[in-house]
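Participant: Okay, here's the structure, questions in a sec.
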Amino acid sequence: MMDLLRALGTFGRIVETGSFSAVAREANSSQSAITRQIDQLEAHFGLRLFHRTTRHLSLTEDGQDLLGHARRLLAAAEDMEDALGSHRSTPTGLVRVGLSAAASFMLVPRMGALFERYPALTIDLVVRDRFGDLVEERLDVAMQAGPPPDTSSVARMVATYGRVPVAAPSYLRRYGEPKHPTDLAGCACIIHEAGPDSAAWQFTGPDGPIEVVVSGALRANNSDVVHRATLAGYGIAFLPEQSVADDIRATRLCRLLPDYPSERHQAYIVYPSRRYLAPRTRVVIDFLVEQVKLTGALIESGRAWSESDAA
């Protein structure tokens with residue numbers, strides 16, 4: 002006899018990922034076994050659920066109708082399991098997570114704790130600055146600056162971030178610490194080439210906005226390269242807070258000019274639907290929120306460099 006709930010869950014996951022083979026990998030099964038579940042589901046209801054070609058997969062009208070019913074049934078089953086406490090088992094399977102490069106610098110070194118807690122979990126990271134329709138991009142959750150363009154998604158504002166000027170202790174011992182943003186014009190700065198205004202660093206002071214045009218011997222169009230060059234002591238960089246929080250805590254980098262903050266941007270965790278979240282996605286969202294809060298605490302506790310810190 003066909004396991005209807007399992008088949009409906011497989012059907013829903015194929016719609017979300019857009020791929021039979023991706024679902025087979027998640028389930029540690031063969032593609033033929035996944036195909037057989039869909040064939041049995043189509044035979045059970047006497048419906049054709051997908052238009053399938055070698056390059057494209059899309060729902061039929063009957064498939065779209067069944068998807069709504071399947072989601073309601075699966076949500077009811079999940080609610081029942083939650084109420085009875087049977088979701089104490091370890092979440093399993095693949096979660097595709099969209100992150101900015103800065104967020105990935107923060108999160109990847111800390112992900113060992115997540116895998117230790119949930120050893121059957123698999124994470125697929127997609128790294129870029131902006132994301133569109135999460136369903137089309139086959140993402141379970143994304144963390145990005147600013148709200149998503151897709152208003153049907155759930156968008157949870159979890160933090161505000163800015164950029165901070167940082168330098169290695171070795172650089173500061175050699176050249177000293179800038180006391181005011183305008184001092185940066187005479188410093189060796191490492192510039193992240195991300196647009197025409199990359200060398201114009203913006204701050205806010207007691208008297209209002211301050212713009213400083215900086216220069217230096219090294220520029221790069223990759224933020225990871227800028228980060229590594231800063232750690233090596235080549236100069237001062239203006240980096241996203243979340244990418245340097247752990248370095249500040251470990252005193253590998255020193256936060257400069259704390260009384261002159263940069264413009265703040267809101268960070269959002271985005272996911273397609275609150276109601277149909279799989280347990281594996283829930284634990285990843287909880288982990289993201291936990292790490293964002295930790296990063297905020299590290300940044301708030303960061304201090305300007307002083308000679309005593311380097312001693």
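The letter at position 48 of the sequence shown is residue 49 when you use this note's numbering, and the numbering goes up by one with no holes. C-beta: ideal position from N, C-alpha, C; glycine also. Values in this document were obtained by computation on a predicted structure and should not be read as measured data.
Distance check for Ala186 and Leu219, CA to CA, integer angstroms please.
Facilitator: Cα to Cα, the separation comes out at about 15 Å.
Participant: Let me confirm a value: Gln65 is counted as buried when at least 16 other C-beta atoms fall within 10 Å, else exposed. Which label applies?
Facilitator: exposed
Participant: Please identify the residue among His57, Ser31 and Gly10 whose C-alpha is closest to the C-alpha of Leu42.
Facilitator: Gly10
Participant: From Gly94 to Ala156, what distance separates their C-alpha atoms?
Facilitator: 23 Å
Participant: At the level of alpha carbons, what is the spacing between Pro148 and Leu240?
Facilitator: 21 Å
Participant: With a cut-off of 8 Å on the beta carbons, I'd call Arg139 and Arg97 a contact; round off their distance for me.
Facilitator: 6 Å
Participant: Determine the contact status of Met267 and Met107, defining contact as a CB-CB distance below 8 Å.
Facilitator: Inspection of the sequence shows that residue 267 is occupied by Gln rather than by Met. Not closer than 8 Å, so no.
Participant: Taking the beta strand (DSSP E) that Val98 belongs to, which residues open and close that run?
Facilitator: Gly94 to Leu100
Participant: Where Pro182 and Arg256 are concerned, what is the direct C-alpha to C-alpha distance, given to the nearest angstrom?
Facilitator: 13 Å
Participant: Determine the closest residue to Pro210 out of Ala28, Ala201 and Ser216, with distance taken between C-alpha atoms.
Facilitator: Ala201
Participant: Throw me the rounded Cβ distance for the Gly99 and Val127 pair, which I believe falls under 8 Å.
Facilitator: 5 Å
Participant: In terms of residues, what are the limits of the beta strand (DSSP E) holding His193?
Facilitator: Residues Ala189 to His193.
Participant: Return the residue from the list His45, Asp287, Lys294 and Thr296 that minimises the CA-CA distance to Pro351.
Facilitator: Given that the chain is displayed from residue 2 to residue 312, the structure contains no residue 351 and the question cannot be resolved.
Participant: Roughly how far, in whole angstroms, is the beta-carbon of Glu242 from the beta-carbon of Arg164, given that I think they are within contact range, below 8 Å?
Facilitator: 7 Å
Participant: Leaving out five residues before and five after Ala233 in sequence, what residues of the same chain have Cβ atoms less than 8 Å from its Cβ?
Facilitator: Ala169
Participant: Can you find the residues in the same chain that come closer than 8 Å, C-beta to C-beta, to Arg26, ignoring five residues on each side of it along the sequence?
Facilitator: Leu95
Participant: Where Glu62 and Leu254 are concerned, what is the direct C-alpha to C-alpha distance, given to the nearest angstrom?
Facilitator: 57 Å
Participant: I need the DSSP call for Glu17, collapsed to helix, strand or coil.
Facilitator: helix
Participant: Is DSSP giving Gly64 helix, strand or coil here?
Facilitator: helix
Participant: Please classify Asp260 as buried or exposed, where buried requires at least 16 neighbouring CB atoms within 10 angstroms.
Facilitator: exposed
Participant: Cα separation between Asn29 and Ala230?
Facilitator: 41 Å
Participant: Considering only their Cβ atoms, is the gap separating Tyr235 from Ile192 smaller than 8 Å?
Facilitator: no
Participant: Please state whether DSSP places Pro262 in a helix, a strand or coil.
Facilitator: In this structure, Pro262 counts as coil in the three-state DSSP scheme.
Participant: Determine, using beta carbons only, whether Gln32 and Phe21 come nearer to each other than 8 Å.
Facilitator: yes
Participant: Please say whether Ser105 and Ala271 have beta carbons closer to each other than 8 Å?
Facilitator: Residue identity check: residue 271 is Val in the sequence provided, not Ala. Result no, Cβ atoms of Val271 and Ser105 do not sit closer than 8 Å.
Participant: If I measure Cβ to Cβ from Arg14 and keep anything under 6 Å in the same chain, skipping five residues before and after, which residues do I get?
Facilitator: Hits under 6 Å: Val24.
Participant: If distances are taken between C-alpha atoms only, which option among Tyr162, Thr252 and Leu48 comes closest to Leu67?
Facilitator: Leu48
Participant: Any idea which residues DSSP pairs Leu219 with across the strands?
Facilitator: Ile191
Participant: What are the partner residues of Glu212, as DSSP defines its beta bridges?
Facilitator: By DSSP's assignment, Glu212 forms a beta bridge with Gln203.
Participant: How would you write the range of the alpha helix (DSSP H) that His228 sits in, first residue to last?
Facilitator: Secondary structure note for His228: its alpha helix (DSSP H) is the uninterrupted segment Ser224 to Leu232.
Participant: CB Leu60 to CB Leu75, shorter than 8 Å?
Facilitator: Cβ atoms of Leu60 and Leu75: not closer than 8 Å.
Participant: Using three-state DSSP, classify Ser30 as helix, strand or coil.
Facilitator: coil
Participant: Output needed for Ser87: all residues of its chain with C-beta closer than 7 Å, excluding positions within five of it in sequence on either side, in chain order.
Facilitator: For Ser87, the predicted structure reports a pLDDT of 47, less than 50, and the residue's modelled location is therefore unreliable. The matter cannot be settled from this model.
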